[in-house]
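Step one of this worksheet: look at the structure below.
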Amino acid sequence: MKKPFLKRMGDFLEGKGFYIVLFLCVAAIGISGYYLFSSLTPDEPDAPVAGTAQITVTPSPRPTPVDAGLMNRPAATPAPEHTVPASPAVPAATPSAMPSATPQPTPQAAPTVFTWPVQGDILTDYSLEVLSYNPTMDDWRTHDGLDIASAAGTEVKAAAAGTVTAVLQDAMMGTTVVVEHGGGLTSTYSNLASVPTVAVGDTVGAGSVLGSVGGTAIAESALASHLHFSMSLDGSTVDPLEYLPN
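In UniProt numbering, the protein residues as written are 1 to 246.
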C-alpha cells in the first residue's frame, strides 16, 4: 500500500532531503548577492595574465587640414636684405648771437615848469569841497578847474611840454584838447573854438599854440568869454594853481 504524498514528502525532508533543500537555499542567496554586488560595482578591465607581455598601441595623430596645408606649402624664401643708406651727418648748429634787448623807454617825468595857457582874471576857482553857483545851470555844484577870462579868438597855449592824447567835442564843455605831460599828469583845455590847431599824437612844448578861445561850452555859456582849464594826476583832478606860477 503506497503512502500518501504528504507523508512521503515529510519523510524525505526528515532525511537527506533536508540538506538538499538547505543547499539550494544557500545557493540561491549566493547567486542573488553576486548579481546585486555586480550591479553596484563598475566593470574593471581584466588583469593581464602573468607572464604575458602587454603591448599598447598608440594611434598616430591624423593631420588636421591646417597641418596638411602647411606640409604641402613650399618653403618660404627669405626676403633679400635691404640696406638703408646712412643719413649724412648734420653739422651742429652754430649758436647765433642773441639779439640785444630793445631798450624800453624811460617813463617821462612830470615837468617842473608851467605857464599860464591864457592871461586873464579867474572867473571861477577850482572847488571840489565847496559848492559854487553856476549861473548857466542855475544850481550849485563842484568845479574841477579854472575859468580864466579871455576874449574869443585868444590863442590858447600848452601849459607844459607833452603829447596831445585827445581832441574831442564834449557835450557840455565843447571843443576840448588833452595833453599828457608824463608822470601821470595831464592838462585839459575846454571851450575852445571849433577847430583846434593840433591833432592826436602831436608833440608840443610849453607855450605851443593848441587853438583859440571859443564859445562851445554850453554848460558855462552864461559866463563871460573864457577858457576852462583843468588838470589831473593819475586820473584824479587837482588844483591847477598848485602848478601854475603866481
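Built from N, CA and C at the ideal position, the CB exists for glycine as well.
Identity of the residue in Ser-208, Tyr-243, Pro-135 and Ser-190 nearest Leu-233 by Cα: When C-alpha distances from Leu-233 are compared across Ser-208, Tyr-243, Pro-135 and Ser-190, the shortest belongs to Tyr-243.
field: Helix, strand or coil at Leu-223 according to DSSP, with G and I counted as helix
entry: coil
task: Compare the beta carbon distance of Tyr-189 and Val-177 with 8 Å and say whether it is the shorter of the two.
output: yes
task: Can you tell me the Cβ-Cβ gap for Val-213 and Ala-193, rounded? I've got them flagged as a contact below 8 Å.
output: 7 Å
- prompt: In terms of residue numbering, what span does the beta strand (DSSP E) encompassing Leu-146 cover?
  reply: Its beta strand (DSSP E) spans residues 146-149.
- request: Work out the CA separation of Ser-127 and Thr-136 for me, nearest whole Å.
  value: 17 Å
- request: Please report the residue range of the beta strand (DSSP E) in which Asn-246 lies.
  value: Asn-246 -> no beta strand (DSSP E), and no H or E assigned at all.
- request: Output the residue ranges of the beta strand (DSSP E) runs that lie fully inside the UniProt domain "M23ase beta-sheet core" (142-240) and measure 3 residues or longer, sorted by chain position.
  value: Those beta strand (DSSP E) runs which fall completely within the UniProt domain "M23ase beta-sheet core" (142-240) and span 3+ residues are 146-149, 155-157, 162-170, 174-182, 185-192, 209-212, 226-233 and 236-238.
field: Rounded Cβ spacing between Leu-227 and Asn-191 (contact assumed at less than 8 Å)
entry: So it is a contact: roughly 6 Å between Cβ atoms.
message: Per the DSSP calculation, Ile-20 is bridged to which residue(s)?
response: Note: Ile-20 sits in no beta bridge, so no partner.
task: Just mark Ala-152 as buried or exposed, buried being the case when its beta carbon has 16 or more other beta carbons within 10 Å.
output: exposed
Coarse secondary structure for Tyr-34, derived from DSSP in three states: helix
- request: Under the assumption that Ala-149 contacts Asp-170 (Cβ atoms under 8 Å), give the Cβ distance between them as a whole number of angstroms.
  value: Between Asp-170 and Ala-149 the Cβ distance is about 20 Å, and since that is not below 8 Å, they are no contact.
Limits of the unbroken beta strand (DSSP E) element including Tyr-133: 127-134
query: Do you know how far the Cα of Glu-180 is from the Cα of Ser-208?
result: 14 Å
Simplified DSSP state of Asp-67, which is helix, strand or coil: Note that Asp-67 has pLDDT 47, beneath the 50 cutoff, so the model's placement of it is unreliable and the number below is only indicative. Residue state, collapsed to three classes: helix.
field: Enclosing beta strand (DSSP E) for Thr-124 [first to last residue]
entry: Counting along the chain, the beta strand (DSSP E) containing Thr-124 begins and ends at 122-124.
- request: Please report how far the alpha carbon of Val-130 lies from the alpha carbon of Leu-185, in whole angstroms.
  value: Taken atom to atom, the span from the alpha-carbon of Val-130 to that of Leu-185 is near 24 Å.
task: Report the rounded CA-to-CA distance for Ala-50 versus Ser-32, giving the unit in angstroms.
output: For Ala-50, the predicted structure reports a pLDDT of 46, less than 50, and the residue's modelled location is therefore unreliable. The matter cannot be settled from this model.
Residues sharing a beta bridge with Trp-140, DSSP: Tyr-133
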